[in-house]
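Read the structure below first, then the notes.
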Amino acid sequence: MRASIARLNRSLGSEVLGLFAFLLVVVIVFALATPQFLTLANFGSIAFQVPELGLLTLAMLMPIISGGFNLAIIYTANICGLTLAWVLFQFGGPDAPLWAFAVGGAAALAVGALAGCIMGLVVAYIGAHPILVSLAMMIFLRGLGEFLTRGSDISGFPAFLQPIGHGFILGIPIPLLIFAAAALIWHVLLSRTRHGFSVYMIGSNMKATGYSGIHTKRTLTLIYTLSGLMCAVAGILMLTRFNSVRVGHGEALLLVTVLACFLGGVDPFGGFGRVVPVVLALIILQVLSSGLNLLGANQHLSTAVWGLFLIAVMILRWVAGKVGTFNSGKG
Amino acid sequence: MGRFIRDYPTEFRLAIVLVALCVFLSLASDSFLTLGNLTSLLNNNSVNLIWAAGLLVVLIAGGIDISFAVAASVVQYVAVYVFSAIGGGNWAIGFLVAGGLGLALGFVNAALIHLFRITSIVVTIATFNAFFGLLMFITSGKYLYNLPDWWTGRVILFEQQAADGTWAELTLPVAVMAVALVATWVLIRYTTTGRQLYAFGDNPEGARRVGINIGRMQFIAFGWCGMMAGIAGLMQAHIVQEVVPNALIGRELDVLAAVVLGGARLGGGRGSVLGCVLGVLLVAVTQNGLNLLGISPFAFKMVVGAIILIAISTSNLKFGAIAGIGRGRH
Amino acid sequence: MIWQDLALFPEMSVAENIAFETLVGGVPRLISYRALRDRAAAALARLGVDLDLEARLNTLPIAARQLVAIARALVSDARLIFMDEPTASLTQSETDALLEVVRTLSARGVAVVFVSHRLAEVLEISSRVTVLRDGKLVGVYQTEGMSQSRLTELMTGKFFDTVVHAQDKSHHRPVLEVERLTRKGEYEDVSLTIRAGEVVGLTGLIGAGRTELGHTLFGMTRADSGTIRLDGKPLALRSNRDAVAAGIAYVSEDRLALGLVQPQSIADNMVISVLPRISDPSGLISRGRKRDLVGKWLKSLAIKIGRPEDAVSTLSGGNQQRVVLAKWLATEPKVLVLDAPTVGVDVGARAGIFAIVRQLAEQGLAILLISDEVPEVYFNADRVLHMAAGRIVHEYDPRRIDLRAMEEAVYG
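Residue numbers (our numbering), protein chains in the order written: chain A, 18 to 348; chain B, 1082 to 1411; chain C, 149 to 560.
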C-alpha cells in the first residue's frame, strides 16, 4: 500500500495527491451537509463556472512560474471582450453574422496578445519589475475601458453566441471543453516545449539561464504575450456567458487566480508549478463556493473561506515540511 | 544638494516632474493654483498618504501588504461597535482603538509570515480575502450611519474665504496625515528600529547574522502598516461621515503604485517618506489637473497608468538594471 | 566575524555599515548620526584607510567593501576576529594592505583567525596553522618550517602529482585566433592563438582583464576593435547565443549564481544549452533523448549523484562543476573557456577536474584556462599567457621556467 502510494506520489507529484484528498474531503463534507450537493444541477453549475476562473488562472500561471506576476489579467480579458463587442457592433450588433464573430474573436486575441507583448517587452528589455509593469498596465486598461464604455455595460449580442457560453457537446458544457483544451495546451507548453523549459529555468535564476544560452528576453516577452492571449480567450468566453461586457467584470477574481496558483503548489518565488495541481485547486475552490452557496451563504463567505483555506494549506505545508525533515534524510 | 541627488535619484526626478506639472497646470488652468484647489487636494489625499506611510515601512522591510485597505474597512466597522459599547468615546479613544485594532490585524499578517515562513504576498492575499469576505458576510454589506458625533463633527484647522465666496479649508485628516508622515520619517531615519528595518529589507541574511531579531522586524513592519490602515479608516469615516464596508477596496493597488513610483523598491532596503509623498501627490495632481482641464473622468486612470508605466521604464533605464526578479542582488 | 559574502548592507552608507552595532540590540532609541560617523571614522583610522563615509555601499568596489567589513569588526573592539576568505576578491596590492592590517591588529593584541585556501597567504601571515579535512581536525602546526606542498598533503591526505604537462602543440591547427582585441577600460591589443588540443593558460592578478576578455570571447560584450577568428572565419558575436552556436563555451567563475540554476534538477541543468538537440521532429522535448544525453554525460564525466531529478544544489562543489562541464560539452564546442574552474572545489576534486581538462585537450578541444592561481596553469597548460593591466605581457613555457619564478613574475 505504501509503495503504491509512493509510486503514485512520484508520478503525479505529491501536491496532486494532497489536493485530491482535500477535494474528496470537501465533497464529502458538503454532500453530508446538503442533499442538493450531489446533484447533476450542482455539478453542472460548477462545470460552467470553473472555466472563467480557470482560463484567467492559466493566464496568471505562466508569469508566476517565471518569477513574475500579471496583475492586469482581468482588465486585459475585459478589453478583449470589448474589442469583440465593438467588432460585432460594427456588423450589426445582435444581427451580426457568424463570420463577424470570427473576425471579432481574432481581433480580441490580437489585442490580448498586444497588451501582453507590451508588458513582456518592458519586463524583458527594460528590466522593470513585473508587478509594477502589470500594475501600470492594469490601471491603464481599466482607464481605457472605462473611457470607452463610460462605465456602463455593453450588451446586445447575436443569439448564436448563446450556445458557446451555455451549450453542451455530448453532455459536457462547451466552456468546460474550451477550458480543458486550454489547460491541455498549457500543460504541453510548460512540460514539453523549449519555451516551457525556459520558463522554469528563468523562474529560478534568470541570469544563469541567460548565461547558458537561452534567449531570456524573448522567453519573457512570449510569457506575457501568451498570458495576454489566454486573457483574450477568457474575455471572449465571459462575453458569451454573460451576454454582456463590463470593464470591471470579475475584478475580484484577480487575487483568486493567485490563490489558486499557490494552492496548486506553485512556488511564489518562481521556478516550480504545474497545470494539473492548479486545475485541481481551481476545482476545490469552485466546489467550496458552490457548496457554501447551496448552504445559503453568499459569495462573500466563499471569499473568506478561500482566504482561510489558503492560509490553512500553507500552514499544513509548513508542518509537512517540518515532519518531512524528521522523517527522511534525503535532500 | 549633490549628495541628495546621488542618494535619492528617484525622489529628485519625481520632484522635478511634479514641479513641472504644477507649473504647466497653473498656466493651463486658473483654478489650479488656488488655495481652494490645493487645500482640497490635500484633504482628499490624506487617507491615501496615511496608507502610503504604513505601506512604505513594509516595502522597506522587503515585504508587501495588499490587505491594508481591507484592514481599514474592518477597523472602521468594529470601531463603531466599540464606541457604542463604551458609550461614545472621543478622539483620543478613537485613535487608540483604531490604531490598536489595525495593529492587531497587522500582527496577524506578521505572525503568519514569520511563524510559518510564508511569503508576504501570499499571506496578505489570503488575509485580504479572508477579512473582506468575513466582513461582508457578517455585515451583509450594511452601511453604518449612526456614528458618534465626535467622529463625524467637522474639525477645521484652517479656513479662508476666497474672493468668489468659496471656502478653502484644511481639515483634521490633513493634520493626522502630517503626524503620520513625520512619525514614519522619524521611525525610519532616526530610530535604531527603523535602520534595522532598512537593513533587514536590504540583506535579510546579513541582518540575521548581525543579530537583528527577524520576528520583531516583521511584527513592527506589518504592525505599523496595520496601525496606519486603522487610523486611515478612522479618517475616512470622518470624511464621508458613514462607514461603507466595501468602499475602500481596490485602492490598495493604486497606493502601492504611488509608493513604488516614489522610489520604494519591491525588494526592500530603499524608500523614503519624501518619495511616498511625491508619488501620491504626482498621481493626485495629475488627476486634479485632468479634471480641471475638463478631460473626461474616465480618462484619468488611463493617464495615470500610462504615467506609471513610463516612470518605471525610465527609472530602470537610468539604472541599467538587469532584471533579476526579486533576488540575487549581491 | 567577517563572512565570505561580507553580509553588509549595500543600500546603506559606509558609516552606517561600519558602526552598525550601534543600531542593534538594546532598547529602540533615536540615533545620533554624528556619534555614528565618529565611530566609523575612528575604525577607518585604525585601519589606515580613507573612505567616503556618506557613500552608499553599493557604489564601492568589492575591495573597499571588504575593508568596510573589517572596519565593522573593529568597531566592536573585538578581541577575536574571524575572517572567512577575506582575500578572495582582492588584487595583490589590496591583499598586501589587508595582511598588513592583520599584522597591525595582532600587534595590538587582537587574535585573528584567518580562513583561506590560499596557502601562500596562510603561510605568510600566520603563526599557527590548523588543518581541517572533511569536517575533522587533522592537526595544528607551527607555520615555521611548513611548506605549501606539506599543507596540501595534510589537507587532502594525498600527495598530488605536480607534474608539468605542457607539450609543444605548435604544429596543431589553430582554432581560435584573436588579433589586437581592444575594449576600452578592460583590455588592450590582445592577440593570442589557441590550437586544437592545446590548453592555453591565462593568468594574472585580479583586474588584469582576464574575465573581461573571456566575456568578449563568449559574446557577452563587444570589443571596440580587433578580430576574432574561429577556424579561420571571422566572428561577429552579438550575444552569447551566437558564441554557443559558433562553438565557443564558457564556464563562468561564479558557479553558484551563473554557472548553474541551483534549485533545478541535475538533468535540466545538463540539457539547458542543447534543447534543440533533445527535441523531437515535432519540436517537443523528447524525454528519451534527454535521458540518454544525461546518462551519457553522467557516465563520461563520472559524476556522482543521487537521481537526475535531484536539485543540482545537492551536489558537492566538484560534482557541480562536472555538471557544468557536461552542460557545455554537450554543445559540442570547438573552444572551451574555463574561468577559475576550481573555485569552491576542494583540493581533492580539483585534480579530477584537471584530468578531465587534459583529456578533453587530447580529444582535440581548444581550451583557454583562466586562473589567478599560477600553479593551476603552470601544471596544466601547454603555454601560459601573463596578462597585466589589460595587456598580454609575456608568454611562458612551463617546461622552461620553474614555478617559483613564474609566480614571482606574475605576483610581482
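Where a beta carbon is used, it is the ideal one built from N, C-alpha and C, also for glycine.
Predicted, not measured: the structure shown is a model, and the values here were computed from it.
Please list the partners that residue i has in chain B, where partner means a Cβ-to-Cβ separation under 8 Å.
{"i": "A:Ser319", "result": "Gly1214"}
{"i": "C:Pro424", "result": "Here the premise fails: no neighbours, minimum Cβ distance about 25 Å."}
{"i": "A:His355", "result": "Outside the displayed range of chain A (18 to 348) lies residue 355 of chain A, so it cannot be described from this structure."}
Anything in chain F within Cβ reach of residue i, meaning under 9 Å, just list it in chain order.
{"i": "A:Pro285", "result": "The displayed structure is made up of protein chains A, B and C, and chain F is not among them."}
What residues in its chain sit with their C-beta under 6 Å from that of residue i, if we drop five residues either side in the sequence?
{"i": "B:Lys1399", "result": "Per-residue confidence for B:Lys1399 stands at a pLDDT of 48, beneath the threshold of 50, marking its modelled position as unreliable; no derived number is given."}
{"i": "A:Thr257", "result": "Leu178, Ile181, Gly182"}
{"i": "A:Gly71", "result": "Phe196, Leu299"}
{"i": "B:Ile1406", "result": "Confidence is the limiting factor: at B:Ile1406 the pLDDT is only 33, short of 50, which leaves the residue's position unreliable, though a coordinate-based value still follows. So the list is empty, once near-sequence residues are dropped."}
{"i": "B:Leu1268", "result": "Gly1275"}
Give me the residue from the options with the minimum Cα distance to residue i.
{"i": "C:Ile179", "options": "C:Ala191, C:Ala163, C:Arg194", "result": "C:Ala163"}
{"i": "A:Asn260", "options": "A:Leu99, A:Tyr228, A:Leu299, A:Pro114", "result": "A:Leu99"}
{"i": "B:Ile1388", "options": "B:Val1204, B:Leu1095, B:Ser1148", "result": "B:Leu1095"}
{"i": "A:Ala125", "options": "A:Gln107, A:Leu105, A:Leu101, A:Cys134", "result": "A:Leu101"}
{"i": "A:Ser307", "options": "A:Ala48, A:Leu272, A:Asp112", "result": "A:Ala48"}
{"i": "C:Asp232", "options": "C:Gly395, C:Lys482, C:Met149, C:Tyr289", "result": "C:Met149"}
{"i": "C:Ile396", "options": "C:Arg185, C:Val288, C:Glu242, C:Thr479", "result": "C:Thr479"}
{"i": "B:Gln1277", "options": "B:Ser1107, B:Phe1113, B:Gly1143, B:Val1104", "result": "B:Gly1143"}
{"i": "C:Pro382", "options": "C:Thr252, C:His363, C:Glu325, C:Ser241", "result": "C:Glu325"}
{"i": "C:Gly333", "options": "C:Leu350, C:Ala356, C:Gly431, C:Met294", "result": "C:Ala356"}
Please state whether the Cβ-Cβ distance between residue i and residue j is less than 8 Å.
{"i": "B:Leu1102", "j": "B:Thr1395", "result": "no"}
{"i": "B:Val1178", "j": "B:Val1163", "result": "yes"}
{"i": "C:Ala203", "j": "C:Leu154", "result": "no"}
{"i": "C:Ala529", "j": "C:Leu517", "result": "yes"}
{"i": "A:Ser319", "j": "A:Leu297", "result": "no"}
{"i": "C:Glu272", "j": "C:Thr235", "result": "no"}
{"i": "B:Ile1145", "j": "B:Tyr1279", "result": "no"}
{"i": "B:Val1189", "j": "A:Phe279", "result": "no"}
{"i": "B:Leu1374", "j": "B:Ala1109", "result": "yes"}
{"i": "C:Leu199", "j": "C:Leu215", "result": "yes"}
What did DSSP end up calling residue i once you bin it into helix, strand or coil?
{"i": "C:Glu334", "result": "coil"}
{"i": "B:Thr1252", "result": "strand"}
{"i": "C:Pro456", "result": "coil"}
{"i": "C:Asp244", "result": "helix"}
{"i": "B:Phe1400", "result": "With a pLDDT of 44 at B:Phe1400, under the threshold of 50, the modelled position of that residue is not reliable, and the figure given next carries that caveat. Residue state, collapsed to three classes: helix."}
{"i": "C:Thr479", "result": "coil"}
{"i": "A:Ser83", "result": "coil"}
{"i": "C:Thr490", "result": "coil"}
{"i": "C:Arg185", "result": "helix"}
{"i": "A:Pro285", "result": "coil"}
{"i": "A:Pro147", "result": "helix"}
{"i": "B:Gln1242", "result": "strand"}
Which residues in chain B sit within 9 Å of residue i, going by Cβ to Cβ distance?
{"i": "C:Ile179", "result": "Arg1270, Tyr1271, Thr1272, Thr1273, Gly1275, Arg1276"}
{"i": "A:Asn315", "result": "Met1217, Phe1218, Ser1221"}
So, at 8 Å on beta carbons, what are the nonlocal neighbours of residue i in its own chain, with the 5 sequence-adjacent residues on each side left out?
{"i": "C:Ser373", "result": "Arg328, Leu329, Thr330"}
{"i": "A:Trp323", "result": "Val273, Leu276, Leu302, Leu305, Ser306"}
{"i": "C:Arg547", "result": "Val312, Ala314"}
So residue i contacts chain C; which residues on that side make the cut at Cβ distance below 8 Å?
{"i": "A:Thr210", "result": "Gly431, Leu432, Ile433"}
Can you pull the chain B residues whose beta carbon is under 7 Å from the beta carbon of residue i, in chain order?
{"i": "A:Met331", "result": "Phe1197, Ile1199, Val1203"}
{"i": "C:Arg204", "result": "Asp1088"}
For residue i, which residues in the same chain have their Cβ closer than 7 Å to its Cβ, ignoring the five residues on either side in sequence?
{"i": "A:Ala145", "result": "Val139"}
{"i": "B:Leu1390", "result": "none"}
{"i": "A:Phe108", "result": "Pro114, Ala117"}
{"i": "C:Ile433", "result": "Leu423, Ile426, Ser427"}
By the criterion of Cβ-Cβ separation under 7 Å, what are the contact partners of residue i in chain C?
{"i": "B:Ile1293", "result": "Val172"}
Output, in chain order, the set of chain A residues within a Cβ distance shorter than 7 Å of residue i.
{"i": "C:Arg370", "result": "Ordered by position in chain A, no residue passes the 7 Å Cβ test against C:Arg370, which lies about 16 Å from the chain."}
If the cut is a Cβ gap below 9 Å, which residues of chain C does residue i touch?
{"i": "B:Arg1290", "result": "Met149, Trp151, Ala155"}
{"i": "A:Gly282", "result": "Result: empty, since nearest Cβ-Cβ is about 15 Å, beyond 9 Å."}
Under 7 Å: does the beta carbon of residue i sit that close to some heavy atom of the ligand ZN?
{"i": "B:Val1291", "result": "No copy of the ligand ZN appears in this structure; indeed no ligand is present at all."}
Find the residues of chain A that neighbour residue i, judging by a C-beta separation of less than 8 Å, and give them in chain order.
{"i": "C:Lys475", "result": "Ser229"}
Output, in chain order, the set of chain A residues within a Cβ distance shorter than 9 Å of residue i.
{"i": "C:Ala488", "result": "By Cβ distance, chain A contributes nothing, its closest Cβ being about 15 Å from C:Ala488, past 9 Å."}
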